[in-house]
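Each number in my numbering corresponds to the 1-based position in the sequence shown with 38 added.
Backbone N, C-alpha and C fix where the C-beta goes; we use that ideal spot for every residue, glycine too.
Computed from a predicted model, the values in this text were never measured in an experiment.
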Amino acid sequence: MILAYTPQLLSFLKKQQQTLMLLGFVSGFVVFNLALHSRLEPSVKTFISLPYLFDGSLKGWESKTGQWESTKQGIRQTRAGEAFIASPIYLKDATLKISLNVEPGTGIHFFGQTRGKSQESQVVYLLPQAGTNLVVAGYLDKEGSLTTQSKVNYQAPDGKSLLLSVETTTDSYSLFLNNDLIARDLPLTYTQGWLSLSSTQAAEFYGLAIDKTLINSKETALVERTPTEETRALLYENDFSFPLEREWRILSGNWGVEDGRLWQYTREGFDYTILYPQIFEGYRVSTHFRQTENLGAGLLFNLPELGSYGGGQLVRFTHSEQDEGIFWGFYDEAGSFVGQGYLSLPLSKTEDHELRLEVSQTSYSIYVDGKLIRDALALKSPAGYLGLTVSESSVAFDDLRIEPLEDSHDSP
(Lines of atoms letter the chains of each structure in order from A; the text may use other names.)
(Lines give C-alpha, C1' and ligand atoms only; values in the text may rest on other atoms or scores of the structure.)
Protein backbone atom coordinates (compact mmCIF):
# COMPACT_ATOMS: atom_id res chain seq x y z
CA MET A 39 0.00 0.00 0.00
CA ILE A 40 1.45 3.36 -1.01
CA LEU A 41 0.67 6.30 1.27
CA ALA A 42 0.16 9.53 -0.59
CA TYR A 43 1.59 12.60 1.25
CA THR A 44 -1.07 15.16 0.57
CA PRO A 45 -0.52 18.80 1.60
CA GLN A 46 -2.98 18.32 4.47
CA LEU A 47 -1.09 15.26 5.77
CA LEU A 48 2.28 17.00 5.52
CA SER A 49 0.92 19.98 7.47
CA PHE A 50 -0.42 17.66 10.17
CA LEU A 51 2.90 15.78 10.50
CA LYS A 52 4.83 19.04 10.72
CA LYS A 53 2.62 20.25 13.58
CA GLN A 54 3.06 16.91 15.36
CA GLN A 55 6.85 17.14 14.96
CA GLN A 56 6.87 20.65 16.42
CA THR A 57 4.74 19.50 19.33
CA LEU A 58 7.08 16.57 20.05
CA MET A 59 10.13 18.85 19.87
CA LEU A 60 8.51 21.26 22.32
CA LEU A 61 7.63 18.43 24.70
CA GLY A 62 11.18 17.10 24.44
CA PHE A 63 12.61 20.52 25.24
CA VAL A 64 10.29 20.95 28.22
CA SER A 65 11.12 17.46 29.51
CA GLY A 66 14.83 18.08 29.11
CA PHE A 67 14.54 21.43 30.87
CA VAL A 68 12.67 19.83 33.78
CA VAL A 69 15.23 17.02 34.10
CA PHE A 70 18.10 19.54 33.94
CA ASN A 71 16.56 21.68 36.67
CA LEU A 72 15.89 18.69 38.86
CA ALA A 73 19.50 17.61 38.50
CA LEU A 74 20.72 21.13 39.14
CA HIS A 75 18.48 21.44 42.19
CA SER A 76 19.78 18.17 43.58
CA ARG A 77 23.35 19.43 43.18
CA LEU A 78 22.68 22.79 44.75
CA GLU A 79 20.52 21.41 47.57
CA PRO A 80 22.01 18.02 48.48
CA SER A 81 20.62 17.99 52.02
CA VAL A 82 16.90 17.79 52.61
CA LYS A 83 15.95 19.87 55.62
CA THR A 84 13.93 18.01 58.22
CA PHE A 85 11.75 20.43 60.16
CA ILE A 86 10.87 18.45 63.28
CA SER A 87 7.64 18.66 65.22
CA LEU A 88 8.09 19.95 68.75
CA PRO A 89 8.52 18.52 71.29
CA TYR A 90 11.07 16.15 69.70
CA LEU A 91 12.72 13.17 71.38
CA PHE A 92 15.41 11.09 69.67
CA ASP A 93 13.97 7.62 69.01
CA GLY A 94 17.23 5.69 68.69
CA SER A 95 17.20 5.51 64.90
CA LEU A 96 20.12 6.87 62.87
CA LYS A 97 18.07 7.02 59.69
CA GLY A 98 18.97 10.24 57.94
CA TRP A 99 22.05 10.81 60.12
CA GLU A 100 25.33 11.10 58.22
CA SER A 101 28.60 9.95 59.79
CA LYS A 102 31.55 12.01 58.56
CA THR A 103 34.30 10.61 60.79
CA GLY A 104 34.39 8.04 63.57
CA GLN A 105 32.28 4.94 64.09
CA TRP A 106 28.74 5.74 65.26
CA GLU A 107 25.97 3.38 66.33
CA SER A 108 22.55 3.72 67.88
CA THR A 109 21.79 2.44 71.36
CA LYS A 110 18.64 2.12 73.42
CA GLN A 111 19.51 5.42 75.06
CA GLY A 112 20.98 7.38 72.18
CA ILE A 113 24.11 7.50 70.01
CA ARG A 114 27.52 6.01 70.73
CA GLN A 115 30.86 6.82 69.10
CA THR A 116 33.09 3.77 69.50
CA ARG A 117 36.47 4.82 68.09
CA ALA A 118 39.30 6.92 69.45
CA GLY A 119 40.14 10.12 67.61
CA GLU A 120 38.08 12.92 66.15
CA ALA A 121 34.52 12.05 65.17
CA PHE A 122 31.64 14.03 63.66
CA ILE A 123 28.08 13.05 62.79
CA ALA A 124 25.47 15.25 61.11
CA SER A 125 21.79 14.92 61.91
CA PRO A 126 19.02 15.56 59.37
CA ILE A 127 17.51 18.10 61.77
CA TYR A 128 17.35 21.74 60.70
CA LEU A 129 16.75 24.10 63.64
CA LYS A 130 15.21 27.55 63.74
CA ASP A 131 14.50 28.50 67.35
CA ALA A 132 14.57 25.78 69.99
CA THR A 133 16.01 24.66 73.29
CA LEU A 134 18.43 21.77 72.86
CA LYS A 135 18.88 19.39 75.76
CA ILE A 136 21.58 16.78 75.50
CA SER A 137 22.51 14.39 78.29
CA LEU A 138 25.94 12.86 77.86
CA ASN A 139 28.58 11.05 79.84
CA VAL A 140 31.46 13.18 81.07
CA GLU A 141 34.40 12.35 78.79
CA PRO A 142 36.96 14.57 77.08
CA GLY A 143 35.96 16.05 73.79
CA THR A 144 32.18 15.69 73.57
CA GLY A 145 30.40 18.56 71.87
CA ILE A 146 27.29 19.81 70.12
CA HIS A 147 27.22 21.94 66.98
CA PHE A 148 23.98 23.82 66.36
CA PHE A 149 22.78 26.29 63.74
CA GLY A 150 25.38 24.95 61.31
CA GLN A 151 25.21 26.63 57.93
CA THR A 152 26.24 23.58 55.90
CA ARG A 153 25.15 20.08 56.75
CA GLY A 154 28.04 17.75 57.46
CA LYS A 155 30.54 20.52 58.19
CA SER A 156 31.63 21.95 61.52
CA GLN A 157 32.56 25.31 59.99
CA GLU A 158 30.10 28.18 60.45
CA SER A 159 28.25 26.78 63.44
CA GLN A 160 27.63 27.54 67.10
CA VAL A 161 29.46 25.04 69.31
CA VAL A 162 29.52 23.89 72.93
CA TYR A 163 32.29 21.54 74.08
CA LEU A 164 32.46 19.64 77.37
CA LEU A 165 36.08 18.96 78.36
CA PRO A 166 37.12 17.37 81.69
CA GLN A 167 40.24 19.32 82.55
CA ALA A 168 42.40 19.84 85.63
CA GLY A 169 40.07 18.00 88.00
CA THR A 170 36.88 19.60 86.77
CA ASN A 171 34.80 19.99 83.60
CA LEU A 172 35.56 22.89 81.29
CA VAL A 173 32.56 24.00 79.23
CA VAL A 174 33.63 26.00 76.17
CA ALA A 175 31.05 27.81 74.04
CA GLY A 176 31.51 29.91 70.92
CA TYR A 177 31.30 29.74 67.15
CA LEU A 178 33.38 28.55 64.20
CA ASP A 179 33.95 30.77 61.16
CA LYS A 180 34.31 29.75 57.49
CA GLU A 181 37.88 28.59 58.06
CA GLY A 182 36.93 26.59 61.16
CA SER A 183 38.63 28.97 63.60
CA LEU A 184 36.98 29.06 67.02
CA THR A 185 35.91 32.31 68.65
CA THR A 186 35.36 31.57 72.34
CA GLN A 187 32.38 33.30 73.97
CA SER A 188 32.37 31.51 77.33
CA LYS A 189 34.56 29.22 79.44
CA VAL A 190 33.11 27.80 82.65
CA ASN A 191 34.55 25.29 85.12
CA TYR A 192 31.84 22.96 86.44
CA GLN A 193 32.38 20.28 89.08
CA ALA A 194 30.08 17.35 88.32
CA PRO A 195 28.81 14.87 90.93
CA ASP A 196 30.86 11.67 90.83
CA GLY A 197 29.33 8.88 88.78
CA LYS A 198 26.57 11.01 87.27
CA SER A 199 26.07 12.20 83.73
CA LEU A 200 25.69 15.84 82.83
CA LEU A 201 22.58 17.22 81.16
CA LEU A 202 23.69 19.95 78.79
CA SER A 203 20.97 22.36 77.65
CA VAL A 204 21.17 25.21 75.20
CA GLU A 205 18.37 27.78 75.29
CA THR A 206 18.18 30.02 72.23
CA THR A 207 16.31 33.24 71.50
CA THR A 208 16.26 35.24 68.28
CA ASP A 209 19.73 36.69 68.91
CA SER A 210 21.34 34.95 71.91
CA TYR A 211 21.70 31.67 73.78
CA SER A 212 22.23 30.49 77.35
CA LEU A 213 23.81 27.33 78.74
CA PHE A 214 22.64 24.98 81.48
CA LEU A 215 24.38 22.02 83.11
CA ASN A 216 22.16 19.78 85.24
CA ASN A 217 19.61 22.62 85.07
CA ASP A 218 22.11 25.12 86.54
CA LEU A 219 22.49 28.27 84.45
CA ILE A 220 26.23 28.65 83.76
CA ALA A 221 26.28 31.21 80.91
CA ARG A 222 23.64 33.75 79.96
CA ASP A 223 22.75 35.71 76.81
CA LEU A 224 25.74 34.83 74.65
CA PRO A 225 25.31 36.48 71.23
CA LEU A 226 24.37 34.22 68.33
CA THR A 227 26.43 34.51 65.16
CA TYR A 228 24.12 32.04 63.38
CA THR A 229 20.39 31.95 64.11
CA GLN A 230 19.24 28.83 62.30
CA GLY A 231 20.82 25.75 60.78
CA TRP A 232 21.82 22.12 61.19
CA LEU A 233 22.41 20.08 64.34
CA SER A 234 25.51 17.85 64.67
CA LEU A 235 27.51 16.01 67.35
CA SER A 236 31.26 15.59 67.74
CA SER A 237 33.78 13.88 69.99
CA THR A 238 37.50 13.21 70.21
CA GLN A 239 37.24 9.76 71.77
CA ALA A 240 34.72 6.99 72.40
CA ALA A 241 31.65 8.59 73.98
CA GLU A 242 27.88 8.30 74.24
CA PHE A 243 25.16 10.90 73.77
CA TYR A 244 21.68 10.13 74.98
CA GLY A 245 18.40 11.82 75.81
CA LEU A 246 18.45 14.24 72.88
CA ALA A 247 15.34 16.35 73.26
CA ILE A 248 14.27 19.52 71.45
CA ASP A 249 11.40 21.71 72.54
CA LYS A 250 10.24 25.28 72.47
CA THR A 251 11.97 27.64 74.88
CA LEU A 252 10.27 27.02 78.21
CA ILE A 253 12.82 28.43 80.68
CA ASN A 254 13.34 32.15 81.03
CA SER A 255 17.06 32.47 81.71
CA LYS A 256 16.68 36.14 82.65
CA GLU A 257 14.71 35.04 85.71
CA THR A 258 17.15 32.25 86.58
CA ALA A 259 20.09 32.85 88.89
CA LEU A 260 23.48 32.35 87.30
CA VAL A 261 25.38 29.66 89.20
CA GLU A 262 28.75 30.93 90.39
CA ARG A 263 31.28 28.12 90.34
CA THR A 264 34.12 28.10 92.87
CA PRO A 265 37.16 26.73 91.06
CA THR A 266 39.41 24.16 92.67
CA GLU A 267 42.95 25.11 93.67
CA GLU A 268 44.27 23.61 90.45
CA THR A 269 41.78 25.31 88.15
CA ARG A 270 42.17 28.61 90.00
CA ALA A 271 45.89 28.48 89.28
CA LEU A 272 45.59 27.94 85.54
CA LEU A 273 46.13 31.03 83.42
CA TYR A 274 45.63 29.20 80.14
CA GLU A 275 45.41 25.59 78.96
CA ASN A 276 44.77 24.02 75.57
CA ASP A 277 45.04 20.35 74.64
CA PHE A 278 44.23 21.13 70.99
CA SER A 279 41.27 18.75 70.91
CA PHE A 280 39.25 21.28 68.92
CA PRO A 281 39.88 23.96 66.30
CA LEU A 282 42.28 26.65 67.39
CA GLU A 283 40.75 29.67 69.09
CA ARG A 284 40.47 32.63 66.78
CA GLU A 285 42.50 34.80 69.16
CA TRP A 286 45.73 33.02 68.25
CA ARG A 287 47.98 35.10 65.98
CA ILE A 288 49.88 33.25 63.25
CA LEU A 289 52.97 35.29 62.36
CA SER A 290 54.36 32.76 59.88
CA GLY A 291 54.20 29.08 58.96
CA ASN A 292 51.50 26.56 58.16
CA TRP A 293 49.67 25.78 61.42
CA GLY A 294 46.63 23.59 61.98
CA VAL A 295 44.91 21.31 64.51
CA GLU A 296 44.75 17.64 63.55
CA ASP A 297 44.17 14.50 65.64
CA GLY A 298 44.33 16.40 68.93
CA ARG A 299 47.64 18.14 68.18
CA LEU A 300 48.72 21.53 66.89
CA TRP A 301 50.93 20.99 63.83
CA GLN A 302 53.40 23.20 62.03
CA TYR A 303 53.67 21.44 58.68
CA THR A 304 56.35 23.37 56.79
CA ARG A 305 59.72 21.60 57.08
CA GLU A 306 61.98 24.11 55.34
CA GLY A 307 62.65 27.56 56.79
CA PHE A 308 63.07 29.31 60.12
CA ASP A 309 61.04 31.00 62.84
CA TYR A 310 57.53 29.79 62.02
CA THR A 311 55.62 31.31 64.92
CA ILE A 312 52.15 31.39 66.47
CA LEU A 313 51.38 33.63 69.47
CA TYR A 314 48.63 33.83 72.07
CA PRO A 315 47.62 37.51 72.48
CA GLN A 316 47.74 37.79 76.26
CA ILE A 317 50.49 39.29 78.41
CA PHE A 318 51.83 36.93 81.10
CA GLU A 319 54.06 37.77 84.06
CA GLY A 320 55.52 35.45 86.72
CA TYR A 321 54.42 32.08 85.32
CA ARG A 322 55.27 28.51 84.46
CA VAL A 323 54.69 27.47 80.82
CA SER A 324 54.98 23.92 79.47
CA THR A 325 54.29 22.14 76.22
CA HIS A 326 54.51 18.49 75.16
CA PHE A 327 55.58 17.93 71.58
CA ARG A 328 56.86 15.37 69.10
CA GLN A 329 59.47 16.01 66.41
CA THR A 330 58.73 13.98 63.30
CA GLU A 331 62.24 14.48 61.91
CA ASN A 332 64.74 17.24 62.81
CA LEU A 333 64.76 19.03 66.16
CA GLY A 334 63.30 22.52 65.87
CA ALA A 335 60.50 23.13 68.42
CA GLY A 336 60.66 26.02 70.84
CA LEU A 337 58.96 28.65 72.99
CA LEU A 338 58.95 32.40 72.40
CA PHE A 339 58.07 34.37 75.53
CA ASN A 340 57.98 37.81 77.16
CA LEU A 341 57.56 39.61 73.85
CA PRO A 342 56.69 43.27 74.66
CA GLU A 343 54.87 43.68 71.32
CA LEU A 344 52.62 41.14 69.61
CA GLY A 345 53.98 41.68 66.11
CA SER A 346 57.69 42.06 66.90
CA TYR A 347 60.41 39.81 68.33
CA GLY A 348 62.31 42.79 69.78
CA GLY A 349 62.84 42.44 73.54
CA GLY A 350 61.50 38.87 73.62
CA GLN A 351 63.13 35.61 74.73
CA LEU A 352 63.63 32.34 72.83
CA VAL A 353 64.33 28.76 73.94
CA ARG A 354 64.47 26.32 71.03
CA PHE A 355 65.82 22.92 70.02
CA THR A 356 68.12 22.80 67.00
CA HIS A 357 70.09 20.35 64.87
CA SER A 358 73.09 20.13 62.59
CA GLU A 359 74.96 17.35 60.81
CA GLN A 360 77.23 16.99 63.84
CA ASP A 361 74.93 17.55 66.82
CA GLU A 362 71.47 18.13 68.26
CA GLY A 363 70.72 20.35 71.21
CA ILE A 364 68.91 23.27 72.79
CA PHE A 365 69.83 26.97 72.84
CA TRP A 366 68.47 30.09 74.52
CA GLY A 367 68.76 33.87 74.29
CA PHE A 368 66.90 37.10 73.57
CA TYR A 369 66.12 39.52 70.75
CA ASP A 370 67.48 43.06 70.93
CA GLU A 371 65.37 46.13 70.16
CA ALA A 372 66.10 45.76 66.44
CA GLY A 373 64.89 42.14 66.46
CA SER A 374 68.34 40.55 66.12
CA PHE A 375 68.92 37.41 68.17
CA VAL A 376 71.56 37.40 70.93
CA GLY A 377 72.49 33.92 72.17
CA GLN A 378 72.95 33.21 75.88
CA GLY A 379 73.88 29.53 75.74
CA TYR A 380 73.73 26.10 74.10
CA LEU A 381 73.63 22.50 75.36
CA SER A 382 74.05 19.31 73.35
CA LEU A 383 70.86 17.32 73.96
CA PRO A 384 69.71 14.69 71.43
CA LEU A 385 66.03 13.70 71.72
CA SER A 386 64.12 10.66 70.49
CA LYS A 387 61.96 11.26 67.40
CA THR A 388 59.48 8.53 68.37
CA GLU A 389 58.47 9.84 71.81
CA ASP A 390 56.79 12.94 73.21
CA HIS A 391 58.95 15.42 75.11
CA GLU A 392 58.20 18.27 77.49
CA LEU A 393 59.74 21.74 77.38
CA ARG A 394 58.99 23.75 80.53
CA LEU A 395 60.04 27.25 81.52
CA GLU A 396 59.71 28.89 84.92
CA VAL A 397 59.68 32.64 84.36
CA SER A 398 59.92 35.18 87.19
CA GLN A 399 60.15 38.95 86.74
CA THR A 400 63.94 38.98 86.35
CA SER A 401 65.05 35.45 85.38
CA TYR A 402 63.93 32.13 83.93
CA SER A 403 64.82 28.43 84.20
CA ILE A 404 64.67 25.70 81.54
CA TYR A 405 63.46 22.13 82.06
CA VAL A 406 63.39 19.30 79.48
CA ASP A 407 61.42 16.16 80.34
CA GLY A 408 61.36 17.25 83.98
CA LYS A 409 65.13 17.79 84.29
CA LEU A 410 66.62 21.21 85.05
CA ILE A 411 68.81 22.31 82.13
CA ARG A 412 69.69 25.86 83.17
CA ASP A 413 68.67 27.98 86.14
CA ALA A 414 68.33 31.73 86.83
CA LEU A 415 69.02 33.00 83.30
CA ALA A 416 68.71 36.77 82.87
CA LEU A 417 65.49 38.13 81.33
CA LYS A 418 65.38 40.96 78.81
CA SER A 419 61.74 41.89 79.57
CA PRO A 420 59.79 41.22 82.81
CA ALA A 421 56.53 40.26 81.05
CA GLY A 422 54.96 39.86 77.61
CA TYR A 423 53.29 37.66 75.03
CA LEU A 424 54.27 34.05 74.40
CA GLY A 425 53.82 31.39 71.77
CA LEU A 426 55.20 28.38 69.92
CA THR A 427 57.90 28.43 67.26
CA VAL A 428 59.40 25.91 64.82
CA SER A 429 62.45 25.97 62.53
CA GLU A 430 63.55 23.44 59.88
CA SER A 431 61.18 20.79 61.18
CA SER A 432 57.63 19.50 61.24
CA VAL A 433 56.41 19.50 64.85
CA ALA A 434 53.22 18.34 66.58
CA PHE A 435 52.43 20.12 69.86
CA ASP A 436 50.18 18.13 72.18
CA ASP A 437 49.29 20.90 74.63
CA LEU A 438 50.14 24.29 76.10
CA ARG A 439 49.72 24.98 79.80
CA ILE A 440 50.38 28.26 81.65
CA GLU A 441 50.03 28.73 85.41
CA PRO A 442 51.28 31.26 87.95
CA LEU A 443 54.71 30.73 89.44
CA GLU A 444 54.36 30.16 93.20
CA ASP A 445 56.88 32.90 93.88
CA SER A 446 56.91 35.12 90.82
CA HIS A 447 59.18 37.72 92.46
CA ASP A 448 62.88 36.99 92.86
CA SER A 449 64.24 37.26 96.36
CA PRO A 450 66.41 40.34 96.95
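When only Cα atoms are considered, T116 and A221 end up about 30 Å apart. The stretch 290-304 makes no contact with the stretch 365-373, as fewer than three CB pairs between them are under 8 Å. The stretch 276-286 and the stretch 396-409 do not touch, with fewer than three beta-carbon pairs separated by less than 8 Å. Between the alpha carbons of T207 and S159 lies a gap of roughly 16 Å.
Taken in chain order, the complete beta strand (DSSP E) segments of 3 or more residues contained in the stretch 179-245 are 184-192, 200-206, 210-215, 218-225, 231-237. Inclusion of K155 and A175 in the CB contact set at 9 Å is not warranted, their separation being larger than that value.
The criterion of a C-beta distance shorter than 9 Å is satisfied by Y321 and L443.
In the structure shown, P281 falls within a coil segment according to DSSP collapsed to helix, strand and coil. Out of G104, S108, K110, the CA that lies nearest to the CA of A121 is found in G104. Look at T325 here: in three-state DSSP terms it is strand.
For N292, the secondary structure class from DSSP, reduced to helix, strand or coil, is coil. By the CB criterion at 9 Å, G298 and F278 fall inside the cutoff. Between S358 and the set Q378, E331, L337, N340, the nearest pair of CA atoms involves E331.
Taking the Cβ atoms as the reference, L233 lies roughly 5 Å from F148, within the contact range of under 8 Å. For A434, the closest of S87, T144, L426 by C-alpha to C-alpha distance is L426. In terms of Cβ geometry, G379 and Y347 do not form a close pair [threshold 9 Å]. Annotation for D370: no beta strand (DSSP E) segment contains it, and DSSP assigns it neither H nor E. Take the alpha-carbon of N340 and the one of G294: they are about 24 Å apart. Ranked by Cα distance from E100, the first of P89, R153, F92 is R153.
Relative to the Cα of L224, the nearest Cα in the group T185, Y405, L289, G408 belongs to T185. G145: member of the beta strand (DSSP E) spanning 144-150, first to last residue. Looking at the DSSP output, P126 shares a beta bridge with no other residue. With fewer than 16 other CB atoms across the displayed protein chains lying within 10 angstroms of its CB, F375 is exposed. Between G350 and S419, the beta carbon gap of about 7 Å places them in contact (Cβ cut-off 8 Å). Here DSSP, grouped into helix, strand and coil, assigns E444 to coil.
Shortest Cα-Cα distance from N171 to any of Y192, S236, D437, K180 involves Y192.
Here the C-alpha atom of S95 lies approximately 43 Å from the C-alpha atom of I288. In the three-state DSSP reduction, T356 falls in the strand class (E or B). In the displayed model, K409 falls within a strand according to three-state DSSP. The shortest CA-to-CA distance from V162 to any of L215, A118, G112 is the one to L215. Separation of the CB atoms of L381 and I411 is rounded to 6 Å, and the pair is thereby assigned contact status at 8 Å. Cβ-Cβ separation between G334 and S431: approximately 3 Å, consistent with a contact (criterion under 8 Å). Secondary structure at L344: coil, using DSSP grouped into helix, strand and coil. In this structure, the beta-carbon distance from L201 to L313 does not fall below 9 Å.
Judged by DSSP secondary structure, K102 falls within the beta strand (DSSP E) whose first and last residues are 100-103.
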